[in-house]
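According to my numbering, the sequence shown holds residues 18 to 155 in order.
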Amino acid sequence: MLWPNHRRNVSANFARCSKQTCRARVVTLHTPATELDESMSEKILRVGVLGCGPISQFAHFESVQKSRNAALHAVCDADEGLANHFGRFYDAKNIYSDYDWMLAHPDVDAIVVGIADAFHVPAALKALAAGKHVLCEK
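Structural data, given as structure tokens:
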């Protein structure tokens, strides 16, 4: 997202996939924190994590927990036991076994897609259709 009326230093470079089959343009925006609106700097992003598998366990849960401007608001996994375990361990406010229920929750601002690669696109499109921000790797 580009913030209006703020100076931006944009640096762009190209990254190649490991198999050298695709090429993605990576754009990094550098906006000094002093230029951000106070309301933006105080906003806490309420994150929902879809999937409690290895990538979420080793990266996403801890990253959200350590973030200064994000909170783990919801955890969702088809395996209720896994969802309950990690939801309680990382102190999520809501625990779901149904992705549609998590998406319907108005307090969830963003979704981290941490499920099998084959399901990334449908899950991300569903979250975008629900008006959520999406973090999806690969």
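Yeah, the Cβ is synthetic: ideal placement off N, Cα and C, and Gly gets one too. This structure is a prediction, so every number in the text was calculated from the model and none was measured.
Whether F78 touches Y113 by CB criterion (8 Å): Reading the sequence shown from its first residue, position 61 is the one you call residue 78. Reading the sequence shown from its first residue, position 96 is the one you call residue 113. Their beta carbons are not under 8 Å apart, which means F78 does not touch Y113 by this criterion.
Cβ-heavy atom distance, D124 to the ligand GTP, below 7 Å: Here there are no bound small molecules, and the ligand GTP is not part of this structure.
Where the beta strand (DSSP E) through G90 begins and ends: Position 73 of the sequence shown, counted from the first residue, corresponds to residue 90. Note that residue 90 is His in the sequence shown here, rather than Gly. Segment A87 to C93, the beta strand (DSSP E) holding H90.
Those residues which DSSP pairs with G68 across a bridge: In the sequence shown, residue 68 corresponds to position 51, counting from 1. Partner(s): none; G68 has no beta bridge.
Local conformation of V151 per DSSP, three classes: The residue given as residue 151 occupies position 134 in the sequence shown. Note: V151 maps to strand in three-state DSSP.
Where the beta strand (DSSP E) through Y113 begins and ends: If you number the sequence shown from 1, residue 113 lands on position 96. Taken as a continuous stretch (DSSP letters only), the beta strand (DSSP E) holding Y113 covers N111 to Y113.
Pick from A91, V138 and K83 that is closest to L67, judged by C-alpha positions: Reading the sequence shown from its first residue, position 50 is the one you call residue 67. Minimum Cα distance to L67 is reached at A91.
Neighbourhood of F136 by C-beta distance below 6 Å, restricted to the same chain and skipping five residues each side: The sequence position of residue 136 within the sequence shown is 119, counting from 1. Once the five neighbours on either side are set aside, F136 has no close Cβ partner at all.
Residue environment, V138, which counts as buried when at least 16 other CB atoms sit within 10 Å: Here residue 138 corresponds to residue number 121 of the sequence shown, with the count starting at 1. V138 should be labelled exposed.
Three-way DSSP call (helix, strand, coil) for A158 in this model: Summary: the structure shown does not reach residue 158, with the chain confined to residues 18 through 155, and so no result is reported for it.
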